Amino acid sequence: MSAPADRAADPSASDHPPVDHPPADHPPVDRAQYGLAAVLAVVGVWTVVDSAGLGPGFADQVVRPAAFGYVIGSGLVLLALLLAVATARGDRAEGEAGEDVDLSSGTDWRTLAGLAGVLVATVALIDWLGWAVVGALLFAGAATVLGNRHWVRNLLIGAVLSVASWYGFYVGLGIPIPAGVLDGVL
Amino acid sequence: MDALLTGFELALTPQNLLYAVVGVLLGTAVGVLPGIGPAMTVALLLPVTYNVSPSAALIMFAGIYYGGMYGGSTTSILLNTPGESSSVITALEGNKMAKAGRAAQALATAAIGSFVAGTISTVLLVALAPTVAEWVVVLGAPSYFALMVLALIAVTSVLGSSKLRGFISLAVGLTIGLVGTATGQARLTFGNPLLADGIDIVVVAVAIFAVGEALWVAAHLRRRPLEVIPVGRPWMDRTDWGRSWKPWLRGTAYGFPFGALPAGGAEMPTFLSYITERRLAGKHRAEFGKGAIEGVAGPEAANNASAAGTLVPLLAIGLPTTATAAVILAAMQGYGLQPGPQLFEAEPELVWTLLASLFIANTLLLVINLPMAPLWAKLLRIPRPYLYAGILFFAVLGAYSVNFQWFDVALLGLFGALGFAMRRFGLPVLPLIVGVILGPRLEEQLGQALQLSRGDVSALWGEPVAVIVYLVIAALLLGPLVLRLIPGRQGPERLEDDIDALEEEVRS
Numbered sequence: 001m002s003a004p005a006d007r008a009a010d011p012s013a014s015d016h017p018p019v020d021h022p023p024a025d026h027p028p029v030d031r032a033q034y035g036l037a038a039v040l041a042v043v044g045v046w047t048v049v050d051s052a053g054l055g056p057g058f059a060d061q062v063v064r065p066a067a068f069g070y071v072i073g074s075g076l077v078l079l080a081l082l083l084a085v086a087t088a089r090g091d092r093a094e095g096e097a098g099e100d101v102d103l104s105s106g107t108d109w110r111t112l113a114g115l116a117g118v119l120v121a122t123v124a125l126i127d128w129l130g131w132a133v134v135g136a137l138l139f140a141g142a143a144t145v146l147g148n149r150h151w152v153r154n155l156l157i158g159a160v161l162s163v164a165s166w167y168g169f170y171v172g173l174g175i176p177i178p179a180g181v182l183d184g185v186l
Numbered sequence: 187m188d189a190l191l192t193g194f195e196l197a198l199t200p201q202n203l204l205y206a207v208v209g210v211l212l213g214t215a216v217g218v219l220p221g222i223g224p225a226m227t228v229a230l231l232l233p234v235t236y237n238v239s240p241s242a243a244l245i246m247f248a249g250i251y252y253g254g255m256y257g258g259s260t261t262s263i264l265l266n267t268p269g270e271s272s273s274v275i276t277a278l279e280g281n282k283m284a285k286a287g288r289a290a291q292a293l294a295t296a297a298i299g300s301f302v303a304g305t306i307s308t309v310l311l312v313a314l315a316p317t318v319a320e321w322v323v324v325l326g327a328p329s330y331f332a333l334m335v336l337a338l339i340a341v342t343s344v345l346g347s348s349k350l351r352g353f354i355s356l357a358v359g360l361t362i363g364l365v366g367t368a369t370g371q372a373r374l375t376f377g378n379p380l381l382a383d384g385i386d387i388v389v390v391a392v393a394i395f396a397v398g399e400a401l402w403v404a405a406h407l408r409r410r411p412l413e414v415i416p417v418g419r420p421w422m423d424r425t426d427w428g429r430s431w432k433p434w435l436r437g438t439a440y441g442f443p444f445g446a447l448p449a450g451g452a453e454m455p456t457f458l459s460y461i462t463e464r465r466l467a468g469k470h471r472a473e474f475g476k477g478a479i480e481g482v483a484g485p486e487a488a489n490n491a492s493a494a495g496t497l498v499p500l501l502a503i504g505l506p507t508t509a510t511a512a513v514i515l516a517a518m519q520g521y522g523l524q525p526g527p528q529l530f531e532a533e534p535e536l537v538w539t540l541l542a543s544l545f546i547a548n549t550l551l552l553v554i555n556l557p558m559a560p561l562w563a564k565l566l567r568i569p570r571p572y573l574y575a576g577i578l579f580f581a582v583l584g585a586y587s588v589n590f591q592w593f594d595v596a597l598l599g600l601f602g603a604l605g606f607a608m609r610r611f612g613l614p615v616l617p618l619i620v621g622v623i624l625g626p627r628l629e630e631q632l633g634q635a636l637q638l639s640r641g642d643v644s645a646l647w648g649e650p651v652a653v654i655v656y657l658v659i660a661a662l663l664l665g666p667l668v669l670r671l672i673p674g675r676q677g678p679e680r681l682e683d684d685i686d687a688l689e690e691e692v693r694s
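Chains as they are written, first to last, in our numbering: chain P, 1 to 186; chain V, 187 to 694.
Below, the structure is given as structure tokens:
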């Protein structure tokens, strides 16, 4: 992964001018990895605390319900420490490459935020509006955020997809997806 | 043999054949889409198999599995940007062939090679799996526990470049596996009754594979379109056949054993096949790096053979060793089946139907896909906003159709964010998925082993098989360290470097 991509991924580093390439033998610390280590440590500690709150299980039970939680939780904390140490010593994450991935440009936070918004709206509306409506909005919203501005066409494609998949699941596969507000219409 | 024939009888009814055809078509169509590898294909298409009978579901599933594999190789040949490590080597020569106007031959040797390798490997699978199952069924809980630890360590430390990241991913997976109810008590559920049954593995798999990938790609979307090479109907002339058949067989010989070992995966055998073919190419050696057909035939066969090989530990022991196998295991658990030696005894008909349908799917693949290749190639041109919007659409549909609850969609988003973070921080996906699946079963086996011994820990190494497995684990963990200490002998490291160098070559 090249340096600019990491800068963009790490908001705390964004005040540096983008042309300021560090010498190759002294790569900057991947500070976002400290964040990852912190999250891992918190999850680990929480797992241990949660396990401590569990009862002893059955009287004859050898492996107590808490046992695995203790082991995994403390393992997470240990790994978080190791990651923090490795990061401080210059360990850098290598982002995953892929067919449509261009790692030479920075992280596109606007698109990400847009998609996150679409997903949150989907979660909030899906039980109320039903799949046929929400599916269409989800597709149209995601396609628009991803850069296709023909939102009317996106909405139409989304509607066709969601209604077709609803009927496909309901009739074709026998999986009764609730219709939501369109109950009685579909 | 009789059992296999019964399996064919069940799989070849018109209705089941239709399921197989639908499975192959869906699998190829989704698998050929750029950015979608076999594991994501299988995860995304899981809901389709929910409500049909277990045997029909397995038949459809075999089709999806092989279709997804085939679709992936088409993408890497025509786009030169392999979606997963197992197709890296195929892209190396395959894309060069395509650029030299021999896309049709590259696709043909990949498809026919996959068929040959798939058929031979499925024969080996049919011969081996029941034997292994018979051998494994007598093992007690201590040996199972050791085998599962081996699988976890193997997928974590053998594959991938950073062991620290592998173990982080594994620990996160095991933590997700903790969520739920243990002996009547809620563990890590935050008091939420919806989490009492644990987190559905389908939701986790779809989120990590599909949503995580869609978000990751969205953040780094390549704005200039990739060059897709137009292709006609795949065909090969006599010389191509002459140059292909030996690499197919050698690739199969590499792929199957590697797939069948717990430290499986297609990376190693495809690479070994490639260097072997380059060494043995003789007068065609100069073509390597410019589009040698041997360099497509061998690795593609190795890739498919190892995919069939991974079904040996999956079906006979219940151990998943690749991401795709992990999703298949999750699917089978969803159908109420527990892969492992008991499955062969409890549901012999189902097992043999599955094995028979692997042959059928493999054949259908060749019959359907060779003529349809130009059509599949058109799918590569799908506009990226539609592609990734579609992935999100089907991911949400898949998660929602589990229980029809908004909560599952919320979990999907949460784990999708985790999937994004894993790609950002270079955490491998496989240890997490295997950890989620095997974690609870590991606990169960440990409980059983210690229950029988009344808490005596030495029972864990009281079975000879368990002792052997622990020795293998020690070798896996300590081997690289020891090798590094011996000067001048850095075999595994060098191999990894070589793979990296090859990957660089593909990308440039």
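Ideal Cβ placement from N, Cα and C applies to all residues, glycine included.
Model, not experiment: these values are computed from the prediction.
Helix, strand or coil at Gln201/V according to DSSP, with G and I counted as helix: Helix at Gln201/V.
Hey, which unbroken runs of the alpha helix (DSSP H) at 4 residues or more fall wholly within the segment 343-415 of chain V? Counting whole runs of 4 or more residues, the segment 343-415 of chain V contains the alpha helix (DSSP H) stretches 349-364, 387-392 and 398-405.
Buried versus exposed, by CB contacts within 10 Å (16 or more), Leu738/V: This structure cannot speak to residue 738/V, because chain V is shown only from 187 to 694.
Please list, in chain order, the chain P residues whose beta carbon lies closer than 7 Å to that of Val582/V. Chain-ordered, the chain P residues with CB closer than 7 Å to the CB of Val582/V read Thr122 and Leu138.
If we define contact as Cβ-Cβ less than 8 Å, is Pro18/P a contact residue for chain V? Any reading at Pro18/P must be qualified, since the residue scores a pLDDT of 41, below 50, and its modelled position is unreliable; the value itself is stated next. No, because no Cβ of chain V sits closer than 8 Å to the Cβ of Pro18/P.
Between Gly605/V and chain P, is the shortest Cβ-Cβ distance under 8 Å, so that the two count as touching? The beta-carbon of Gly605/V is placed no less than 8 Å from the nearest beta-carbon of chain P.
Whole-angstrom distance between Val318/V and Ala652/V, CA atom to CA atom: Going from the Cα of Ala652/V to the Cα of Val318/V covers about 16 Å.
By the three-class DSSP mapping on this structure, what secondary structure does Val216/V have? For Val216/V, the three-state secondary structure derived from DSSP is helix.
Would you give the residue range spanned by the alpha helix (DSSP H) that Asn154/P belongs to? Trp151 to Tyr167 is the span of the alpha helix (DSSP H), which, as asked, contains Asn154/P.
Per-residue contacts from Val216/V into chain P (C-beta, under 8 Å): Those within 8 Å of Val216/V in chain P number zero; the least Cβ separation is about 14 Å.
From the DSSP output, which residues share a beta bridge with Val101/P? BP columns for Val101/P point to Leu407/V.
What does Ile354/V reach in chain P if we use C-beta pairs closer than 7 Å? Against Ile354/V, the close residues of chain P are Leu40, Leu79 and Leu83, in the order they occur along the chain (beta-carbon pairs closer than 7 Å).
Using a Cβ cut-off of 8 Å, pull out every chain V residue sitting near Trp131/P, in sequence order please. Neighbours of Trp131/P in chain V, taken as residues whose beta carbon is under 8 Å from its own, are Leu583 and Tyr586 in chain order.
Where does the unbroken alpha helix (DSSP H) through Ala296/V begin, and where does it stop? In this chain, the alpha helix (DSSP H) harbouring Ala296/V covers Ala289 to Val323.
I'd like to know if the segment 231-250 of chain V and the segment 515-527 of chain V are in contact, where contact means that at least 3 CB-CB pairs between them fall below 8 Å. With a cut-off of 8 Å, the segment 515-527 of chain V and the segment 231-250 of chain V count as touching, because enough Cβ pairs lie within range.
What are the residues in the segment 96-115 of chain P lying within 8 Å of chain V by C-beta distance? So the list reads Glu96, Ala97, Gly98, Glu99, Asp100, Val101, Asp102, Leu103, Ser105, Thr107, Asp108, Trp109, Thr111, Leu112 and Leu115, given in the order they occur along the chain.
The ligand NAD heavy atom lying under 7 Å from the CB of Arg627/V: The model on display carries no ligand, and the ligand NAD is accordingly not part of it.
Quick one: which chain V residues come within Cβ less than 8 Å of Val43/P? The answer, in chain order, is Val358 and Thr361.
Does the distance from the C-beta atom of Gly257/V to that of Val228/V stay below 8 Å? Taking 8 Å as the Cβ cut-off, Gly257/V and Val228/V do not qualify as a contacting pair.
Residue ranges of each beta strand (DSSP E) run of no fewer than 3 residues wholly in the segment 456-502 of chain V, ordered along the chain? For the segment 456-502 of chain V, not a single whole beta strand (DSSP E) run of length 3 or above is found.
Under 8 Å, Cβ to Cβ, is there at least one residue of chain V near Ala179/P? Against chain V, the CB of Ala179/P has no partner CB under 8 Å away; the residue lies outside that interface.
Looking at the C-beta of Gln291/V, does it have a partner C-beta in chain P at a distance below 8 Å? Residue contact check for Gln291/V against chain P: no CB pair falls below 8 Å.
Straight-line CA distance for Val85/P to Leu540/V? Cα-Cα distance, rounded: 48 Å.
Going along the chain, which residues of its own chain have a beta-carbon closer than 7 Å to the beta-carbon of Gly193/V, five neighbours each way excluded? The residues are Trp538, Thr539, Leu541 and Ala542.
Ala52/P burial status per 10 Å Cβ neighbour count (16 or more: buried): Exposed is the call here.
Collapsed DSSP secondary structure at Ile175/P in the structure displayed: DSSP places Ile175/P in the coil class of the three-state scheme, outside both helix and strand.
With 16 other Cβ atoms within 10 Å as the buried cut-off, status of Tyr167/P: Per the 10 Å Cβ criterion, exposed.
Ile568/V versus Val160/P - alpha carbon distance: Each residue's Cα considered, the two are about 17 Å apart.
Alpha carbon of Ala197/V to alpha carbon of Gly625/V, nearest angstrom: Roughly 34 Å between the two C-alpha positions.
So Ile177/P and Trp128/P are in contact, right, with Cβ under 8 Å, and what is the actual spacing, rounded? By a beta-carbon distance limit of 8 Å, Ile177/P does not contact Trp128/P. Their separation comes to about 14 Å.
Can you give the Cα-Cα distance for Asp25/P and Pro666/V, rounded to whole angstroms? Residue placement at Asp25/P cannot be trusted, given a pLDDT of 48 that sits under 50; the coordinates are not used to answer.
Out of curiosity, what's the CA-to-CA distance linking Val655/V and Leu662/V? Cα-Cα distance, rounded: 10 Å.
Output, in chain order, the set of chain V residues within a Cβ distance shorter than 8 Å of Asp50/P. Arg373 and Leu374, listed in chain order.
Compute the beta-carbon to beta-carbon distance between Ala585/V and Val365/V, rounded to the nearest angstrom, for a pair I have assumed lies under 8 Å. Contact between Ala585/V and Val365/V is ruled out by a C-beta separation of about 16 Å, above the 8 Å threshold.
Under 8 Å between the Cβ atoms of Ile514/V and Leu500/V? Yes.
Contacting positions in the segment 613-631 of chain V - beta carbon closer than 7 Å to chain P: With the criterion set as a beta carbon lying under 7 Å from some beta carbon of chain P, the members of the segment 613-631 of chain V are Glu629, in sequence order.
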